[in-house]
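**Q**
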Amino acid sequence: MNKKEVHKALAEIVGEEYVSDSKEDLYIYSRDPGLAEPHEADFVVLPKTVEEVQKIVQLANKERIPVIPAGASLSLSGLTIPYKGGIVIDLRRMDKIIEVNRRSRYVVIEAGVTHGKLKAFLEEQYPDLCHSLPEAPPSATVVGNLMIHGQGHLAQQYGFNSSMVTGLEIVLSSGEICRIGSCALGSYWFSLEPFPIPAGLFLGWFGATGIVTKAGLRLYPKKKLRDVEVFVVEDPNLVPEVIYRVTHTEMAEDITTSAQPYPLMFRDIVMIQIYITGDEEEELEFKRKLIWSSLRDIINSKEGGFMTLAPNMKIAFLERPMSNITRFADVLKGGGFVYCGAIIPIDMFSTALKKLFEIASRNQVTFSHTGRVIGRGHCMMFSFAYPFNREDPESMEKARKAIQESYIATLEIGGIPWKPEPPIQRVLLEKMPRETAELLKRIRSLLDPNGIMNPGNWSV
Amino acid sequence: MKLKFDKNFCEKCTTYDCLTKCQYMRLDVESAKKEIMRLINGEETFILNECVTCYACEEYCKKGNHPFYLITELQESKGILPAPKPIVKQWINMAIPTRKDTQYFPNSREPVISLCLFPEFMRELRGKLFEGVSFILGRHFYCQLAYLHFGKPSVIKERLPKIIENIARHGFKEVVFFHDECYSTFTSYANAYGIEVPFRPVHFFEYLYNKLKALEDKVKPLNVRIAYQRNCSTRLTPDKEQYLDRIFELIGVERTQREYDKEKALCCGGIFRGQQRYDLFVDVQRRNVEDMVKSKAEYCVFNCPYCYYTLAERVYKAGIRPIMLHQLCRLALGETLR
Ligand SMILES: Cc1cc2nc3c(=O)[nH]c(=O)nc-3n(C[C@H](O)[C@H](O)[C@H](O)COP(=O)(O)OP(=O)(O)OC[C@H]3O[C@@H](n4cnc5c(N)ncnc54)[C@H](O)[C@@H]3O)c2cc1C
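Chains as they are written, first to last, in this note's numbering: chain A, 6 to 465; chain B, 52 to 389.
Structural data, given as structure tokens:
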């Protein structure tokens, strides 16, 4: 098929207005807001149904055309850039919230449902339920987040968002539609277990093994009240101990860390935000007290203490998602921001922070760190974040260097770069034992023998 | 800069009010005498560790001998930090001016109100009471007095001359200080350390009173019962408190009789929390608010924004409406608040 014929075939599947190869449309889909080099797609399509996705993939597979599934493309590490051209499948028209099972606390959504939509829906219809919300802009998709092993505000209690999946519907590269979990046997989407869990063949693969069209996701109790306590220390070596003690109380909802040079009151200290929730004031107060007393001897040693938050600060900390994080993206004006999210053992916190300071000063870039505890201190996401000005090539180059060095630093300290850009994925594959890389390769070729699924990602 | 402190006053004192009246440490005359002697001789005493820095002893000492300033001097010289190191660091760094801070307000004219670090009140100080006023504000005008809570008077002494210079550059004869803490710095603290202040500091109460008096015919008595929340720095300059009752009288509000008012006022608790005395913070707030409720107050009136931020929520939850003094005055003039 030539390009024209492909266009026609796509238009027959999704309708003329939902396929485009115009320069203007392709411009947007050839890049993301990060620093990866743009590559032009041949087409962008916006399917509405799983059947349409199926047909697009069947066509692409037959014609050996790459397909790139995309949500909001906000992962910032070039994961939806069409490195080999092809068809970008923008899934955001598939935005139905299909079902909420209140008693079993799960929701079934289509691939294009955004965090903003799901949050607003639950707040309105099920105010005592919530999903684990990342700090990403509300337009980011829930499924996109699962595909990169994202983490939200419930990560400390329940782990990575991808471990909250209760079922998946996937379109394989062959065009077959596959269901995983209890939904494979009946109409309930309550659990992946006790099957062998093939969900791992898709989650974390950046769409390189299949396109998820529906997902079941655990919901959790949402308490009526929420508050935050911010513990500050000068010595970053204390952070793992603080986190250890607070997680031991099992009283916190979310635990995040931050360090940044501006405003000056945040300079040379590390802040540990500890979120607590409760249905009643007493519950909140009980949790607060236990958390305070868990840190009492650090307080008495004068090495750490809880900040008194001015109301505007408190509002900013309690906002979900925190718009300040997105605002940081524009701190240099020109709206650019990249971060290397390192998944690290919490013990490595101070080493990681030291590396961040070194990298920022070597490259003369400003920086910020935010982190999130995952599990009861089982690990954390440690971000090395750098803003840049898109209009200033020098600032972009500096940020690019800083981010590369951050990936390397992550590996040096024994961490794992989260949602790494393709060149770093290759470094990871090279670094792991040959047998492991080979296993990944075999899985990939089994699921995508023609190499059409988001090529460039997890390619050995 | 040396603290004007006369040992003789303490040696001859018989009541030791500064310590016996303290609401956070229990001392009888005998033990107070012992500890005072230690203080004036610069010796170790538990007072230096236990002091919650409520400032009240400055008011209790009728000789004007600055027991609290002495405590803070000794805390610093002995390296006693009332709060954890990173908290102190944050406070110290917070007030360092940045490029964004205005150092000179070329268009400001008297009457001028210094808003300290509370820009949010610029939108509030409106209406008849504030017609024609200019504002100065920001880190270049921040009085620095809060470091008394953190055992760091050296920071105040180091920065204050520059702050005074920044204000003086404008050539104002009088400056109205919205924040009580600023007023007390340029009066009590400056006095105690012999720092010259080349303008007349005017307390916000005095300003409000004079304005209300001039607008008396427009005032509609509010006929409400209010509990008043004193803030720490009012203890440094109790003389101007007289304006408060005159204001209340003018706007027709009744200051309720309650245990924790006037000399026995309790701290809002904010600084206790900052000093990590969480249980004290909770207890003091509880007692204070219960006392307000018992006195059947309808409003709790604040003069310090920091107290407001600390206590307002708890007051509100107890069914009492928190309000800043200027807001109450504006209500009495029939103005609507944002
Ligand atoms: C300011 C800011 C803050 C952020 N904070 C967080 C945070 O706190 N936690 C967090 O986890 N993330 C965070 N992110 C990263 C990211 O934005 C989120 O994880 C987001 O949810 C990703 O969704 P997306 O729609 O942008 O995914 P995309 O970037 O569109 O997709 C991600 C990957 O998944 C693949 N993919 C997308 N949809 C499908 C599908 N249906 N089937 C198969 N593959 C698919 C894509 O090809 C791509 O490889 C943040 C980003 C920004 C800009």
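For glycine and all other residues, C-beta sits at the position ideal for the given N, C-alpha and C.
Run through DSSP, which three-state label would Trp423/A get?
**A** Translated into the one-based positions of the first sequence, residue 423/A becomes position 418. Strand at Trp423/A.
**Q** Using beta carbons (cut-off 8 Å, strictly below), is Thr149/B in contact with chain A?
**A** The sequence position of residue 149/B within the second sequence is 98, counting from 1. Thr149/B counts as touching chain A.
**Q** Determine the contact status of Ala404/A and Val343/A, defining contact as a CB-CB distance below 8 Å.
**A** Counting from one through the first sequence, the residue named residue 404/A turns up at place 399. Counting from one through the first sequence, the residue named residue 343/A turns up at place 338. Yes, these two residues count as a Cβ contact at 8 Å.
**Q** Tell me, please, whether the CB atom of Met360/B is closer than 8 Å to any CB atom in chain A?
**A** Locating residue 360/B in the second sequence gives position 309, where the first residue counts as 1. As written in the sequence, residue 360/B is Tyr, which differs from the Met given in the question. Chain A contact via Cβ: present.
**Q** Listed in chain order, which residues of the region 312-343 of chain B have Cβ atoms closer than 9 Å to some Cβ of chain A?
**A** Hits within the stretch, in order: Gly321, Ile322, Arg324, Gly325, Gln326, Gln327, Tyr329, Asp330 and Val333.
**Q** Please state whether DSSP places Glu247/B in a helix, a strand or coil.
**A** Position 196 of the second sequence holds residue 247/B. Coil, per DSSP.
**Q** Mind listing which residues of the region 133-145 of chain B have their C-beta closer than 7 Å to chain A's C-betas, in chain order?
**A** Taking 7 Å as the Cβ-Cβ cut-off against chain A, the residues of the region 133-145 of chain B that qualify are Ala134, Pro135, Lys136, Pro137, Ile138, Lys140, Gln141, Asn144 and Met145.
**Q** Just to confirm the assignment, what range does the beta strand (DSSP E) spanning Cys345/A have?
**A** Taking the first sequence and counting its residues from 1, one reaches residue 345/A at position 340. First-last of the beta strand (DSSP E) with Cys345/A: Gly340 to Ile349.
**Q** Alpha carbon to alpha carbon, how far is Leu78/B from Ala407/A?
**A** Position 27 of the second sequence, counting from 1, holds the residue named residue 78/B. Position 402 of the first sequence, counting from 1, holds the residue named residue 407/A. One C-alpha to the other measures close to 60 Å.
**Q** Pull up the distance between the alpha-carbon of Asp1/A and that of Ile91/B, whole angstroms please.
**A** Chain A is shown from 6 up to 465; residue 1/A falls before or after that span and cannot be answered.
**Q** What are the boundary residues of the beta strand (DSSP E) that Asn394/A is part of?
**A** As a working note, residue 394/A is residue 389 in the first sequence. Where Asn394/A is concerned, the enclosing beta strand (DSSP E) stretches over Cys384 to Asn394.
**Q** In this structure, what does DSSP give as the bridge partners for Met458/A?
**A** By one-based count along the first sequence, residue 458/A stands at place 453. Answer is Val72/A.
**Q** Quick test of the definition: if touching needs 3 or more C-beta pairs under 8 Å, does the region 195-205 of chain A touch the region 246-260 of chain A?
**A** With a cut-off of 8 Å, the region 246-260 of chain A and the region 195-205 of chain A do not count as touching, because too few Cβ pairs lie within range.
**Q** For a quick check, are the C-beta atoms of His117/B and Ala243/B less than 8 Å apart?
**A** In the second sequence, counting from the first residue as 1, residue 117/B sits at position 66. In the second sequence, counting from the first residue as 1, residue 243/B sits at position 192. Taking 8 Å as the Cβ cut-off, His117/B and Ala243/B qualify as a contacting pair.
**Q** When the Cα atoms are used, what is the spatial distance from Ser165/B to Gln280/B?
**A** By one-based count along the second sequence, residue 165/B stands at place 114. By one-based count along the second sequence, residue 280/B stands at place 229. Rounded to the nearest angstrom, the two C-alpha atoms are 22 Å apart.
**Q** Compare the C-alpha of Ile351/A against each of Gly419/A, Pro316/A, Lys294/A and Phe393/A and name the closest.
**A** Along the first sequence, read from residue 1 onward, the residue named residue 351/A stands at position 346. Considering only alpha carbons, the answer is Gly419/A.
**Q** Across which residues does DSSP place Ser263/A in a beta bridge pair?
**A** Position 258 of the first sequence, counted from the first residue, corresponds to residue 263/A. Bridge partners of Ser263/A: Met276/A and Thr375/A.
**Q** Using CA atoms only, rank isn't needed, just tell me which of Tyr367/B, Arg190/B, Arg160/B and Thr149/B is closest to Cys167/B.
**A** As a first step, residue 167/B must be located in the second sequence, where it is residue number 116. Ranking the options by Cα distance to Cys167/B, first place goes to Arg190/B.
**Q** Excluding sequence positions up to five away, which residues of its chain have a Cβ less than 6 Å from the Cβ of Leu230/A?
**A** Numbered from its first residue, the first sequence carries residue 230/A at position 225. Hits under 6 Å: Gly283 and Leu289.
**Q** Please identify the residue among Leu70/B, Ile218/B and Cys233/B whose C-alpha is closest to the C-alpha of Ile207/B.
**A** Mapped onto the second sequence, residue 207/B falls at position 156. Ile207/B has its Cα closest to that of Cys233/B, out of Leu70/B, Ile218/B and Cys233/B.
**Q** From which residue to which residue does the alpha helix (DSSP H) around Val113/A run?
**A** Mapped onto the first sequence, residue 113/A falls at position 108. Not the alpha helix (DSSP H): Val113/A falls in the beta strand (DSSP E), residues Tyr111 to Glu115.
**Q** Taking Gly221/A as the reference, give the member of Leu151/A, Glu29/A and Phe126/A with the closest Cα.
**A** Indexing the first sequence from 1 puts residue 221/A at position 216. Ranking the options by Cα distance to Gly221/A, first place goes to Leu151/A.
**Q** Are the CB atoms of Asp100/A and Val49/A within a distance shorter than 8 Å?
**A** As a working note, residue 49/A is residue 44 in the first sequence. As a working note, residue 100/A is residue 95 in the first sequence. No, Cβ-Cβ distance for Val49/A and Asp100/A is not below 8 Å.
**Q** In terms of residues, what are the limits of the beta strand (DSSP E) holding Lys124/A?
**A** As a first step, residue 124/A must be located in the first sequence, where it is residue number 119. Counting along the chain, Lys124/A falls outside any beta strand (DSSP E), though it belongs to the alpha helix (DSSP H) covering His120 to Gln130.
**Q** Using the three-state DSSP reduction, which class does Asp47/A fall into: helix, strand or coil?
**A** In the first sequence, counting from the first residue as 1, residue 47/A sits at position 42. DSSP places Asp47/A in coil when its eight states are reduced to three.
**Q** In three-state DSSP terms, what is Leu81/A?
**A** Position 76 of the first sequence, counted from the start, is the residue given in the question as residue 81/A. Three-state DSSP puts Leu81/A in coil, outside helix and strand.
**Q** Got a sec, what are the start and stop residues for the alpha helix (DSSP H) Arg250/A sits in?
**A** Residue mapping note: residue 250/A aligns to position 245 of the first sequence, counting from 1. Taken as a continuous stretch (DSSP letters only), the alpha helix (DSSP H) holding Arg250/A covers Val244 to Thr254.
**Q** For Val244/A and Thr262/A, which I take to be in contact (beta-carbon distance under 8 Å), what is that distance rounded to the nearest angstrom?
**A** As a working note, residue 244/A is residue 239 in the first sequence. As a working note, residue 262/A is residue 257 in the first sequence. 7 Å between Cβ atoms; contact.
**Q** Using a Cβ-Cβ cut-off of 7 Å (strictly less than) and excluding sequence neighbours within five positions of Tyr131/A, which residues of its own chain qualify?
**A** Taking the first sequence and counting its residues from 1, the one referred to as residue 131/A is at position 126. Around Tyr131/A: Val105 and Arg107.
**Q** Can you pull out the residues from the region 332-354 of chain A whose beta carbon lies closer than 7 Å to at least one beta carbon of chain B?
**A** If the cut-off is 7 Å between Cβ atoms, the region 332-354 of chain A has nothing near chain B.
**Q** Do Ser128/B and ligand 1 come close, with the Cβ less than 7 Å from some heavy atom?
**A** For this step, residue 128/B is matched to residue 77 along the second sequence. Not under cutoff, so the answer is no.
**Q** Does at least one heavy atom of ligand 1 sit under 7 Å from the Cβ of Gly420/A?
**A** Along the first sequence, read from residue 1 onward, the residue named residue 420/A stands at position 415. No.
**Q** Check whether chain B comes within 8 Å of Glu10/A, counting only Cβ atoms and requiring the distance to be less than that.
**A** Taking the first sequence and counting its residues from 1, one reaches residue 10/A at position 5. Not an interface residue.
**Q** DSSP has Tyr350/B in a bridge; who is on the other side?
**A** Position 299 of the second sequence holds residue 350/B. Tyr350/B is bridged to Ile277/B and Arg372/B.
**Q** Give the residues of chain B in contact with Ile304/A, contact being defined as C-beta atoms less than 7 Å apart.
**A** On the first sequence, position 299 is the one that residue 304/A refers to. The contacting residues are Pro135 and Gln327.
**Q** State buried or exposed for Asn368/A, treating a residue as buried only when at least 16 other CB atoms are found within 10 Å of its CB.
**A** Within the first sequence, residue 368/A is the residue found at index 363, counting from 1. Counting Cβ neighbours within 10 Å, Asn368/A comes out buried, since at least 16 surround it.
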